[in-house]
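Structure record follows, encoded as structure tokens.
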Amino acid sequence: MTMPGLPCRVGWRRRCIASALLLCACAGTMPEAGAGTQPVSHAIIIDGMKFSPEAIEVNAGDTVVWTNKDAFPHTVTAGNHSFDSKEIGSGRSWKFKATVKGVFPYICSFHPTMKGKLVVR
């Protein structure tokens, strides 16, 4: 026997079980923070013996393209050696897909006073 205004115990249990099953079913399909954003390409220009911009923040999955506008070669070499462009000739470019999150200071190994920083979120 149920009292007016109070749900039946059996109906309440069924709703709880149905809600729990729905939550479990949806758990694997919930979008992550930042999900749905498409990878982006970012440009860094090498000119006048410097990287411009010197520091850049990107999302994991984005691509960074360094283009050498100087008359001589440069490199883009991470301090921890996680990436290294090798020689980028004058008028050439090098692409890097950022997949690991972190802060990556880098230099030109030919000209160590040239410094930059890649931040991957």
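Under my numbering, the first residue of the sequence shown carries the number 249, and numbering increases by one thereafter.
We treat Cβ as the ideally placed atom computed from N, Cα and C, and that holds for glycine.
(message) In the DSSP assignment, the beta strand (DSSP E) including Ala319 goes from what residue to what residue?
(response) Careful: Ala319 lies outside any beta strand (DSSP E) and carries neither H nor E.
(request) Per DSSP, which residues does Lys298 bridge with? Please list them. (result) Asp295
(message) Assuming contact is defined by CB atoms lying nearer than 9 Å, are Pro353 and Lys365 in contact in what I supplied?
(response) yes
(request) State buried or exposed for Phe299, treating a residue as buried only when at least 16 other CB atoms are found within 10 Å of its CB. (result) buried
(request) Starting from Glu305, follow the beta strand (DSSP E) in both directions and report where the run begins and ends. (result) Ala303 to Val306
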